[in-house]
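S.K.: Have a look at this one before I ask anything.
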Amino acid sequence: MQTMRGPLALILALLMAACGGGADEAADRAATADASAQTAPRARAMAVSSAASIAPEEAARQLMDFAQQQFPAYFPGQAATASLDPFVYRYYPATGTYLGVVVKAGSGHALGSVYVLGGAFGSELIRVGAVSDFITPVAPGFDLTPAADKVVVVQGSSTVLRVNLARLPGFDAAVQLTVQGLPAGVTATAASVAAGATHVDVTIQAQAGAPHSLPTTASVRATAGDLLVTAPITVTVRGLPGDLDTSFAGGVVSTSLGASEDYAHAVAVQADGKVLTVGTTATSAGTVVGLVRHLRDGALDSGFGTAGKVVTQVGARGDSARAIAVQADGKIVVAGWTDQTGTDANFLVLRYRSDGSLDPEFAQGGTLVVPFGTGTDRAHAVAIQADGKIVVAGAAQVSGSATGQDFALIRVLPNGTLDAGFGDGGKLLTPMRAGSSGDIAYGLALPMVGGEQRILAVGGEGDFVAARYTASGALDASFGQGGKVLGLFKRNIGRARAVTLLPGGRMLLAGGIYDDFAAAQLTESGALDASFGEGGLVVHAVSAANWDNAHAVVRQADGKLVLGGWAYSGNSTSGDFVAMRLLPGGALDTNFGNAGIVIRSLAANGRNDSARGLVLQADDRISTVRAVLAGEISAGPHDFGLIRLWL
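Here the sequence shown is numbered in the numbering used here, starting from 10 and rising by one per residue.
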């Protein structure tokens, strides 16, 4: 090899600098004609590498493409590739330059060597190195990218998945697509990406009888000759909105805590999707607290308590749990009451660690008992403030009181002691109405008002009532009349059982009026919201000739509202699980269940089953949210019962 002339040394210096080498290294190359090419840091000609072997002709083509892109002053335009044994080369008339690569072994020139000739490089063939000094060649092929990696298909319907094809330089052939590993009852059309095309639509079809599936990993397979590229997707078969989700341990989950009666009153979902259900179970000593945890898809969690179950006895005459919340750190707070004497129930707050054991760092070994007096005090709701303080609400009847049962609230510090900065030493009583009425708080929410997290309690006996408190426990004068809202329906049979917060400071109360499902929507100031129902009120009879009541309410991300509860069937007192979905304006959502209502009779032979709790369960495996209802199911004695519905 001849010593390089000035222009050649300059371009090689530039070329090596662009590829990671220095000008000195390029000069060294120019100085020694027959020296072996030094290994230099290499720039990839393409973003994707391949383990496939690469034909010398393809490597040469990629090297020449790279040279054209990086040094158009010497190798301008898109010159055609020609061959002259043992070379393939390109000629650039504008500069009079040839760029060639050796593609045949045994010719006296090293396979893969790169040569230049003509123009600024002179009339002698000059070796400037090897292909591998400048690029990492890759085999021609393609990349496969489904437009969505999570596909949900409804029973009896289909969905279209677009599959995108990124072609690497030099590959223009047709590609055949199939989808393998689909759930039972699901098929996908075979498809072909035409030569030169960059996408194709694949139809994924679920038979009408295809079972609901857990998220199933399938594979999109693309082939072209000897090339094979795969891409994973997750495929799930779901039901219509309101359908029972049979992928949840068969659809109906019944759990017995003991040989006698078990009643679930509340449900919560952990951040990992596990489902917590709490209530009571009967023993020879009376009722005690029962707590159960199921895995995300309905199986009992063997890592919680004893085979997924925890039973806690506090009082000698009976305990009951009515509410549950999960702290940000995963600890579990349960609220209800305990009775030591049979006549004097007191607020009960329990905190459990994530394994189901009582938390020794809370109150007295995980247990806090709070009396309001010598009367009956029962807690029905619990909520966790942003600062970790625990708010519990219910009712208390102090001996000698002229106002009967009153709203009763406590606030507890994270260590289990009463918060002295709330109410009277951590406790407060609010007579909602005059006379010996039943003012029971069944639901709690923590709205932000003016930058402060406040406390909203709802309930009543006879009609819907609500009270809002400041952070210190004083009635919030900006809400209703002096902090209270009374008699929303102007009826004498009913109560609000639950509340959920809405955008714009509004709130929705749910429960029963005249033993029908009922909801009332309020503005931030406590006035009825005329944009909802009839003047802010909605009543729907689930059972036209019998009783039904909502016990819980949740709001979906799209603004739709789901109410959960029970309805008596026929002329009996045998309840069934009920879910009702309302549009944001209060009308029944006819796309949910049967014209907006789902009634599920779960127990055999007309026995009782009634839902008491409702929670939304998100599932990032399929980017969807479902509703979990909890209550009791009679299999002789009652057991804890869970179902999950598609939304």
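We put the CB at the ideal spot given by N, CA and C, even for glycine.
As a quick exercise: from Gly468, Asp648 and Met457, pick the residue whose alpha carbon is nearest that of Ser487.
M.R.: That would be Met457, whose Cα lies nearest to the Cα of Ser487.
S.K.: Do the region 545-559 and the region 516-527 make contact, defined as three or more Cβ pairs closer than 8 Å?
M.R.: As far as the Cβ criterion goes, the region 545-559 touches the region 516-527, which means the pair count is three or higher.
S.K.: My parser needs the beta strand (DSSP E) runs of 3 or more residues fully inside the region 298-386; what are they?
M.R.: Segments of the beta strand (DSSP E) lying fully in the region 298-386: 318-321, 327-335, 341-348, 354-361 and 376-379.
S.K.: Sort Gly622, Leu623, Gly248 and Gly568 by Cα distance to Leu597 and report the nearest one.
M.R.: The residue with the shortest Cα to Cα distance from Leu597 is Gly568.
S.K.: Can you round the beta-carbon distance between Gln216 and Gly194 to whole angstroms, since I take them to be within the 8 Å contact cut?
M.R.: Confirmed, Cβ separation roughly 4 Å.
S.K.: Quick check: the Cα distance between Ile135 and Lys113, rounded to an integer number of angstroms?
M.R.: Near 18 Å, if we compare the C-alpha coordinates of Lys113 and Ile135.
S.K.: Can you grab the Cα-Cα spacing for the pair Gln189 / Val229, in whole Å?
M.R.: Cα to Cα, the separation comes out at about 7 Å.
S.K.: Looking only at its chain, what residues have a beta carbon closer than 8 Å to the beta carbon of Phe381, apart from the 5 residues adjacent to it on each side?
M.R.: Counting only Cβ-Cβ distances below 8 Å, and skipping sequence neighbours, we find Asn355, Phe356, Ala405, Val407, Ala417, Lys436 and Leu438.
S.K.: Per DSSP, which residues does Gly503 bridge with? Please list them.
M.R.: The partner list for Gly503 (beta bridge, DSSP) reads Ile522.
S.K.: By the DSSP assignment, the alpha helix (DSSP H) with Asp74 in it spans what residues?
M.R.: Residues Pro65 to Gln79.
S.K.: Leaving out five residues before and five after Thr212 in sequence, what residues of the same chain have Cβ atoms less than 6 Å from its Cβ?
M.R.: Excluding positions up to five away in sequence, the list reads Ser167, Val169 and Thr198.
S.K.: Starting from Val140 and walking both ways along the alpha helix (DSSP H), at which residues does that stretch end?
M.R.: Counting along the chain, the alpha helix (DSSP H) containing Val140 begins and ends at Val140 to Phe143.
S.K.: Which partner residues does Met459 have in the DSSP bridge list?
M.R.: Before going further, note that residue 459 is Gly rather than Met in the sequence given. BP columns for Gly459 are empty, so no partner.
S.K.: Along the chain, where does the beta strand (DSSP E) containing His549 start, and where does it finish?
M.R.: Element bounds for His549: Leu546 to His549.
S.K.: Could you tell me which of Pro146, Ala206, Glu67 and Asp306 sits nearest to Ile652, measuring between CA atoms?
M.R.: It is Asp306.
S.K.: Tell me whether Trp655 is buried or exposed, calling it buried when 16 or more other Cβ atoms sit within 10 Å of its Cβ.
M.R.: With 16 or more Cβ atoms within 10 Å of its Cβ, Trp655 is classed as buried.
S.K.: Helix, strand or coil for Pro3? Go by DSSP, reduced to three states.
M.R.: Absent from the model: residue 3. The displayed extent of the chain is 10 to 656, so no value can be given.
S.K.: Taking contact to mean 3 or more Cβ pairs, one atom from each stretch, closer than 8 Å, check whether the region 242-249 and the region 294-305 are in contact.
M.R.: Taking 8 Å as the limit for Cβ pairs, the verdict is that the region 294-305 does not touch the region 242-249.
S.K.: Going by beta carbon distance, what residues of the same chain come within less than 6 Å of Ala46, once the five residues before and after it are set aside?
M.R.: Its pLDDT being 32, under 50, Ala46 is placed unreliably in this model, and the coordinates cannot settle the point.
S.K.: Could you pull the DSSP bridge partners for Tyr451 from this structure?
M.R.: BP columns for Tyr451 are empty, so no partner.
S.K.: Quick one: what does DSSP say Pro512 is sitting in, helix, strand or coil?
M.R.: Helix.
S.K.: Could you check which residue in Asp338, Val335, Asp386 and Asp538 has the C-alpha nearest to that of Asp348?
M.R.: Of the listed residues, the one whose Cα sits closest to Asp348 is Asp386.
S.K.: Rounded to a whole number of angstroms, what is the C-alpha to C-alpha distance between Thr509 and His389?
M.R.: Roughly 16 Å separates the two Cα atoms.
S.K.: One question on the structure: do Pro507 and Ala519 come within less than 8 Å of each other, judged by their Cβ atoms?
M.R.: Position check: residue 507 holds Ala in this sequence, whereas Pro was assumed. Contact: yes.
S.K.: DSSP state of Phe431, grouped into three classes?
M.R.: In the structure shown, Phe431 sits in coil (DSSP, three-state: anything other than H, G, I, E or B).
S.K.: When you compare only the Cα positions, how much space is there between Phe151 and Asn173?
M.R.: Their Cα atoms are separated by approximately 10 Å.
S.K.: Would Gly492 pass as an interface residue toward chain C - the criterion being a Cβ-Cβ separation below 8 Å?
M.R.: No chain C is part of this structure, which consists of one protein chain only.
S.K.: Please determine, among Val343, Gly602, Gly489 and Gly384, the residue with the shortest C-alpha to C-alpha distance to Asp368.
M.R.: Taking only the C-alpha atoms, the option nearest Asp368 is Val343.
S.K.: Could you check how far apart the C-beta atoms of Gly248 and Gln164 are, in whole angstroms? I think they sit under 8 Å.
M.R.: With 8 Å as the limit, Gly248 and Gln164 qualify as a contact, their Cβ atoms being about 6 Å apart.
S.K.: How many whole angstroms separate the CB atoms of Phe586 and Ala627, which I take to be in contact at a CB cut-off of 8 Å?
M.R.: The pair is not a contact, with the Cβ atoms about 21 Å apart (cut-off 8 Å).
S.K.: Can you find the residues in the same chain that come closer than 7 Å, C-beta to C-beta, to Gly594, ignoring five residues on each side of it along the sequence?
M.R.: So the list reads Ser540 and Phe541, once near-sequence residues are dropped.
S.K.: Just mark Lys340 as buried or exposed, buried being the case when its beta carbon has 16 or more other beta carbons within 10 Å.
M.R.: Looking at its Cβ environment, which holds 16 or more other Cβ atoms inside 10 Å, Lys340 is buried.
S.K.: Quick check: the Cα distance between Leu638 and His560, rounded to an integer number of angstroms?
M.R.: One C-alpha to the other measures close to 10 Å.
S.K.: Rounded to whole angstroms, how far is the Cβ of Phe649 from the Cβ of Thr286, which I believe are closer than 8 Å?
M.R.: About 5 Å separates the two Cβ atoms, so the contact holds.
S.K.: If contacts are defined as beta-carbon pairs under 8 Å, then Pro440 and Thr412 qualify, I think. What distance do you get, rounded to the angstrom?
M.R.: Indeed they touch by this definition, with Cβ atoms about 4 Å apart.
S.K.: Would you report the Cα separation of Gly397 and Leu422, rounded to the nearest angstrom?
M.R.: Their Cα atoms are separated by approximately 7 Å.
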